[in-house]
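Per my numbering: the sequence shown = residues 1042 to 1347. We put the beta carbon where it would ideally sit given N, CA and C, even for glycine. Fair warning: this is a prediction, and the values are worked out from it, not measured in the lab.
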Amino acid sequence: MTHELASIIDFIRYGASRFSAAGLTFGHSHDNPIDEATHLVLASVHLPPDIPPAYGAGRLTTEERERVLALIERRVTERLPVAYLVGETWFAGLKFKSDRRALVPRSPIAELIESGFTPWLDHRQVERALDLCTGSGCIGIAMAEYNPDWQVDIVDVSDEALSLARENIVFQHVEGRVEAVKSDLFNGLKGRRYDLIVSNPPYVTEDEYAALPGEYSHEPKLGLTSGEDGLDICVRMLNEAADYLTEDGLLIVEVGESEHALAALLPEVPFVWIEFKVGAMGVFALERRDLIEHAGAIRAAAEARR
1042 MTHELASIID
1052 FIRYGASRFS
1062 AAGLTFGHSH
1072 DNPIDEATHL
1082 VLASVHLPPD
1092 IPPAYGAGRL
1102 TTEERERVLA
1112 LIERRVTERL
1122 PVAYLVGETW
1132 FAGLKFKSDR
1142 RALVPRSPIA
1152 ELIESGFTPW
1162 LDHRQVERAL
1172 DLCTGSGCIG
1182 IAMAEYNPDW
1192 QVDIVDVSDE
1202 ALSLARENIV
1212 FQHVEGRVEA
1222 VKSDLFNGLK
1232 GRRYDLIVSN
1242 PPYVTEDEYA
1252 ALPGEYSHEP
1262 KLGLTSGEDG
1272 LDICVRMLNE
1282 AADYLTEDGL
1292 LIVEVGESEH
1302 ALAALLPEVP
1312 FVWIEFKVGA
1322 MGVFALERRD
1332 LIEHAGAIRA
1342 AAEARR
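Here it is as structure tokens:
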């Protein structure tokens, strides 16, 4: 095999074919076998994803060929996400370390970060922002990279996730502007206020989790599930967020497929469901004043879950 395949493009083509034939699931940053194979091959030989096409003809060394083939086989046989196999992935145009301590970075919120949160922040002054349920730290660190004048807190309840997030803070050289804090939602943030709170919390239902493909079994369940309807953490967040937002503060949360359950649970709350380039992705924006106005209904929903 190592003699039949020579160039970068050879291995990308071979990997994509193996992945397709094996019926793999593509849900960790990529949605097709070609992009998945490209990520694996380029990261394996320490090349960025945006290299000119001419480099595709470059030949791999014997050592590189053996390493790439071994990773392709592990992707097929173990169903490990590529990001875990190569130890890195890309989010909002930035490279992050990735391993089993936290979910593989993936969220449509990357599009909001890259666009400067237009139009949501067009007429707002942001000094402090919070990434709640940060996992690898990708959302909060990317916010700091794109907005050098922001101070950003990144928060998680998992010690393992925070250890990875702290490594990514150093990796992206934002130590002076990003602080990692261990906290069960807002419990460890007493006295702090934010102009913007962004969160991609766990929102998978127990039934959905049981039906997930094998790739997801390698990720920490703590970062995926949130009760029978996927909304336990989100409802807690809604119930507490107003106390941690500034007067004109904004809350942006991803709830994915649990969007319909949330809208049905709190029909009077004016969630604004954000449209992305590919359409709706289960991400809402909500003003602090709306949280206060509908605090009674939100509190009742939260207390019903205790």
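1. Beta strand (DSSP E) containing residue 1058: first to last residue?
2. Could you tell me which residues DSSP puts in a beta bridge with residue 1154?
3. Rounded to the nearest angstrom, what separates residue 1127 and residue 1334 at their Cα positions?
4. Around the Cβ of residue 1276, are there at least 16 other Cβ atoms within 10 angstroms (buried) or fewer (exposed)?
5. Report the residue from 1272, 1290, 1330 and 1331 whose alpha carbon sits nearest the alpha carbon of residue 1323.
6. Please give the ranges of any alpha helix (DSSP H) in the segment 1147-1195, keeping only runs that are unbroken, at least 4 residues long and fully inside the region.
7. Check whether the segment 1128-1139 touches the segment 1179-1192, counting contact only when three or more Cβ pairs, one atom from each stretch, lie closer than 8 Å.
8. Could one say the Cβ of residue 1093 lies closer than 8 Å to chain C's Cβ atoms, at least one of them?
9. Candidates 1344, 1254 and 1177: which alpha carbon is nearest residue 1208's?
10. Using only CA atoms, which one of 1233, 1206 and 1326 lies nearest to residue 1169?
11. Near residue 1317, which residues of its chain fall below 7 Å by C-beta distance, leaving aside the five closest residues on each side in sequence?
12. Give the straight-line distance between the Cα atoms of residue 1285 and residue 1182, rounded to the nearest whole angstrom.
13. Can you tell me where the beta strand (DSSP E) with residue 1219 in it begins and where it stops?
14. If I'm right that residue 1145 touches residue 1172 with Cβ under 8 Å, what's the distance once you round it to whole angstroms?
15. According to DSSP, is residue 1238 part of a helix, a strand, or is it coil?
16. Could you tell me the boundaries of the beta strand (DSSP E) in which residue 1102 lies?
On the basis of the supplied data:
1. Segment 1049-1063 is the alpha helix (DSSP H) holding residue 1058; no beta strand (DSSP E) there.
2. According to DSSP, which records beta bridges pairwise, residue 1154 is partnered with nothing at all.
3. Counting only the Cα atoms, residue 1334 lies some 47 Å from residue 1127.
4. Buried is the call here.
5. Ranking 1272, 1290, 1330 and 1331 by Cα distance to residue 1323 puts 1272 first.
6. Those alpha helix (DSSP H) runs which fall completely within the segment 1147-1195 and span 4+ residues are 1150-1155 and 1179-1187.
7. Contact between the segment 1128-1139 and the segment 1179-1192 is present, because at least three Cβ pairs lie under 8 Å.
8. Absent here is chain C; the protein component of the structure consists of one chain.
9. Nearest C-alpha to residue 1208: 1177.
10. Closest by alpha carbon: 1233.
11. Only 1149 and 1152 meet the Cβ criterion.
12. Going from the Cα of residue 1285 to the Cα of residue 1182 covers about 20 Å.
13. It spans 1219-1223 - the beta strand (DSSP E) in which residue 1219 sits, taken as one unbroken run.
14. Contact doesn't hold; Cβ gap of about 16 Å is too wide.
15. Strand.
16. Per DSSP, residue 1102 lies in no beta strand (DSSP E) and is assigned neither H nor E.
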